[in-house]
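**Student:** Once you've had a glance at the structure underneath, I'll fire off some questions.
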Amino acid sequence: METTTPARAADPSGVPAPPRLGHSPALSSGAGRAVARIAAFAVCQAAMIAGLGLLITGPARNLWPLSAEDALNDAFERVRNDALTAASAIASGAGDTHTVVGVTVLCCLALLVVPPLPRWRAALFLALAVWLQSLVFLLITEAVDRTRPDVERLDASPPTSSYTSGHTGAATALYAGLAVLVLSRVRGRWGRVVAVLLLLIPLLVGLARLYRGMHHPSDVVGGLLNGALSLFVVGRAVLADDAWAARPPADAVDIAVAAAERRPGPSREAAVVIVNPTVTDTATRDRLRLVLAQRGHTDVTFVETTERDTGGGQAADAVRGGAGLIVACGGDGTIRAVADALAGTGVTLAVVPCGTGNLLARNLGLPLDPADALAAALTGESRALDLGTISGDGIARTHFTAMSGAGLDAAVMGSTSDRAKSALGWPAYVLAGLGELRGPRMRLAVTLDGAPALHRTARMVLIANIGTVQGGTALVPGARPDDGLLDLALFDPRGAGGWLRAVGVLLRGSRPAGNATGAHGGPVEFFTFRRAELTFTRPQPREVDGDPVAPGRRITAEVRPGALTVLLPAGEK
709 METTTPARAA
719 DPSGVPAPPR
729 LGHSPALSSG
739 AGRAVARIAA
749 FAVCQAAMIA
759 GLGLLITGPA
769 RNLWPLSAED
779 ALNDAFERVR
789 NDALTAASAI
799 ASGAGDTHTV
809 VGVTVLCCLA
819 LLVVPPLPRW
829 RAALFLALAV
839 WLQSLVFLLI
849 TEAVDRTRPD
859 VERLDASPPT
869 SSYTSGHTGA
879 ATALYAGLAV
889 LVLSRVRGRW
899 GRVVAVLLLL
909 IPLLVGLARL
919 YRGMHHPSDV
929 VGGLLNGALS
939 LFVVGRAVLA
949 DDAWAARPPA
959 DAVDIAVAAA
969 ERRPGPSREA
979 AVVIVNPTVT
989 DTATRDRLRL
999 VLAQRGHTDV
1009 TFVETTERDT
1019 GGGQAADAVR
1029 GGAGLIVACG
1039 GDGTIRAVAD
1049 ALAGTGVTLA
1059 VVPCGTGNLL
1069 ARNLGLPLDP
1079 ADALAAALTG
1089 ESRALDLGTI
1099 SGDGIARTHF
1109 TAMSGAGLDA
1119 AVMGSTSDRA
1129 KSALGWPAYV
1139 LAGLGELRGP
1149 RMRLAVTLDG
1159 APALHRTARM
1169 VLIANIGTVQ
1179 GGTALVPGAR
1189 PDDGLLDLAL
1199 FDPRGAGGWL
1209 RAVGVLLRGS
1219 RPAGNATGAH
1229 GGPVEFFTFR
1239 RAELTFTRPQ
1249 PREVDGDPVA
1259 PGRRITAEVR
1269 PGALTVLLPA
1279 GEK
């Protein structure tokens, strides 16, 4: 039986609105149904916990173990001393409303802004779980009226029922929720250790509330149950692979791609997508395929990089096969390898950031979401960008797109583990850098465009085709990938004052007066050149676009103006 696709919404002029690239009705998640089911289960959760409360305060109040609660409350009062009281105040504070709200906001912000990518589902899970627990708690206190224990209370009593313990419920939703996220992301023994420590916090909060005379034991149990059920309800909807949201069919991407290919429009040139499999999952590849299909690229081939061939060989094969568009999906190392093979060929490159640094993508104004970056590039225009070439003792002549260097930055790149980069993103480089700040100063001679050699000392040497790094910091102010020049930055801060002055230069985002062409003096010097030769008195650690290379004493760098054709978002210059 023949099927038809639903018509797209039209604007007031009657012209159908184009779909957002990378999205399709075939991939709908049924979020509305998920919200309705969360609400329904939340009502059931509130009814169940309230029912237990009415049972505790009614027919079962004289049955064991509820009949033993008063004696237990008195026992906690008798064992009080200054040390335990101080410790209980700290533990109880971990479940205080202000603490829970503040920690939740900070954790959600961290999940959204700390690389490798914003983790929307994790942030939504944590925020919704804490919110749902609070909502159910308020409903229960209205339904169940229970007086607090008949002992001296160490905290002011809020005007709410003793059932349930709000501190304990909030702490369970927050800290147990964080434990779930830790276990889902951090593998190995340390992940389990951190999760166990987080899970202990709600128990300590509950114990502190009993010690301070604020709740009966069954109130604490009710709080633990409320927080745990909130996590379960929200987790099933947001985190689980079989979440309640309507799941698209297994061939949803194929359906969406086929629909895009059937739409009338010009057929585009053959495209090859080169992906680094260590940072590009199946879902990302599916979205990239859909974006390409929506822009008329029906002849698309995906190839993976390998440990021995990080993108250059695959790009060269694609050029020989007649591809008109190469999409490089990976980190700066993958982008560099592909660009090295495409230099001077005229074949167009689309940059899709999937790595830790993504320096070239940031400087080109591309979104950091892979599908959004590809969509922005395909709706943009082709631009000719410069490449740098670098060679030296132990470095075969190759191209770089972003930055290369020697000294401190190269030592940091070499000492940052892949595990740290995977877990922390680019902040892993910052942590590694703290351990390298006491590295020895190096002596070097710099020859720029055939001029007489300059003799300098430095802690770090950067040869830059772009200027901005993570966090928007202009590490080499004024460096541009389309000006026909490369930039050299020599960092030589001395003492704490020198480091502060160097940071001040970077925060200003502009070169110091009189230093645009390398006036001697100051903690940072900047130069522009077309060809540079650097000679060190001792072998130094070196890196090319973030990848460590063999230590050595010589670096030769030269610009290749307009050597790479790249698709950029409209309006980027």
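Be aware that the sequence shown starts at 709, since it is given in our numbering, and climbs by one per residue. All C-beta atoms in this analysis are idealised placements derived from N, C-alpha and C, irrespective of residue type, glycine included. Everything numeric in this text was worked out from a predicted model, so none of it was measured.
If residue 1120 and residue 1194 are in contact, beta carbons under 8 Å, what's the gap, nearest whole angstrom?
**Tutor:** Incorrect: roughly 21 Å between the Cβ atoms, too far for contact.
**Student:** Alpha carbon to alpha carbon, how far is residue 892 from residue 877? Give it in angstroms, no decimals.
**Tutor:** Spanning the two alpha carbons is a distance of roughly 22 Å.
**Student:** My parser needs the alpha helix (DSSP H) runs of 4 or more residues fully inside the stretch 867-941; what are they?
**Tutor:** 874-879, 885-893, 897-919, all fully within the stretch 867-941.
**Student:** Quick check: residue 925 and residue 780, are their CB atoms within less than 7 Å of each other?
**Tutor:** Their beta carbons are under 7 Å apart, which means residue 925 touches residue 780 by this criterion.
**Student:** Relative to the C-alpha of residue 1118, which residue among 1252, 1087, 1105, 897 is closest?
**Tutor:** When each option's Cα is compared against that of residue 1118, the closest is 1252.
**Student:** Span of the beta strand (DSSP E) holding residue 1103?
**Tutor:** Unbroken beta strand (DSSP E) run through residue 1103: 1103-1108.
**Student:** Would you check if the distance between the CB atom of residue 1239 and the CB atom of residue 1157 is smaller than 7 Å?
**Tutor:** Result yes, Cβ atoms of residue 1239 and residue 1157 sit closer than 7 Å.
**Student:** Going straight from the alpha carbon of residue 842 to that of residue 1057, what length do you get?
**Tutor:** Taking the straight line from one Cα to the other gives about 50 Å.
**Student:** Helix, strand or coil, according to DSSP, for residue 1078 in the structure here?
**Tutor:** The answer is helix: DSSP assigns residue 1078 an H, G or I state.
**Student:** So residue 907 and residue 879 are in contact, right, with Cβ under 8 Å, and what is the actual spacing, rounded?
**Tutor:** Between residue 879 and residue 907 the Cβ distance is about 10 Å, and since that is not below 8 Å, they are no contact.
**Student:** Alpha carbon to alpha carbon, how far is residue 1073 from residue 1278?
**Tutor:** If you take the alpha carbons of residue 1073 and residue 1278, they lie about 10 Å apart.
**Student:** Let me know the secondary structure DSSP gives residue 1158 once reduced to three states.
**Tutor:** It is coil, neither helix nor strand.
**Student:** Between the Cα of residue 1066 and the Cα atoms of 1116, 1150, 1175, which residue gives the shortest distance?
**Tutor:** Nearest option by C-alpha distance: 1175.
**Student:** Please name the residue or residues paired with residue 1199 in a DSSP beta bridge.
**Tutor:** Note: residue 1199 sits in a beta bridge opposite 1168, 1232.
**Student:** To the nearest angstrom, how far is the alpha carbon of residue 773 from that of residue 921?
**Tutor:** Each residue's alpha carbon lies about 18 Å from the other.
**Student:** Using the C-alpha atoms, what's the distance from residue 1171 back to residue 1254?
**Tutor:** Distance between the alpha carbons of residue 1254 and residue 1171: 12 Å.
**Student:** Which first and last residues belong to the beta strand (DSSP E) in which residue 1093 is found?
**Tutor:** Looking at the DSSP string, the run of the beta strand (DSSP E) that includes residue 1093 is 1089-1100.
**Student:** Thinking residue 1184 and residue 1210 are a contact (beta carbons under 8 Å), I'd like their distance in whole angstroms, please.
**Tutor:** The pair is not a contact, with the Cβ atoms about 13 Å apart (cut-off 8 Å).
**Student:** Look at the alpha carbon of residue 1055 and the alpha carbon of residue 1033, and state the distance between them as a whole number of angstroms.
**Tutor:** The alpha-carbon atoms of residue 1055 and residue 1033 are separated by roughly 6 Å.
**Student:** Within a Cβ cutoff of 6 Å, which residues of the same chain sit near residue 1093, ignoring the five residues on either side of it in sequence?
**Tutor:** 1189, 1190, 1272, 1274, listed in sequence order.
**Student:** Mapping DSSP to helix, strand and coil, what is residue 1072?
**Tutor:** Of the three classes helix, strand and coil, the one that applies to residue 1072 here is coil, per DSSP.
**Student:** Relative to the alpha-carbon of residue 755, which residue among 930, 991, 900, 894 has its alpha-carbon at the smallest distance?
**Tutor:** Measuring from the Cα of residue 755, the nearest candidate turns out to be 930.
**Student:** I'd like to confirm the pairing. Which residues does DSSP put opposite residue 1163 in its beta bridges?
**Tutor:** 1153.
**Student:** Pull up the distance between the alpha-carbon of residue 853 and that of residue 750, whole angstroms please.
**Tutor:** Each residue's Cα considered, the two are about 21 Å apart.
**Student:** With H, G and I counted as helix, E and B as strand and the rest as coil, what does DSSP make of residue 1267?
**Tutor:** In this structure, residue 1267 counts as strand in the three-state DSSP scheme.
**Student:** Whole angstroms are fine: how far does the CA of residue 1269 sit from the CA of residue 979?
**Tutor:** So the two alpha carbons sit approximately 25 Å from each other.
**Student:** State yes or no: is the C-beta of residue 1083 within less than 7 Å of the C-beta of residue 942?
**Tutor:** No, the pair does not count as a contact, with Cβ atoms beyond the cut-off.
**Student:** Could you tell me the boundaries of the alpha helix (DSSP H) in which residue 842 lies?
**Tutor:** Per DSSP, residue 842 belongs to the alpha helix (DSSP H) from 828-851.
**Student:** Output the distance between the C-alpha atoms of residue 934 and residue 844, rounded to the nearest integer angstrom.
**Tutor:** Looking at the two C-alpha atoms, the distance is approximately 8 Å.
**Student:** Suppose contacts are defined by Cβ-Cβ distances below 7 Å. Is residue 1198 in contact with residue 1169 by that definition?
**Tutor:** The answer is yes: Cβ separation under 7 Å.
**Student:** Do you know how far the Cα of residue 1237 is from the Cα of residue 1248?
**Tutor:** Whole-angstrom Cα-Cα distance: 22 Å.
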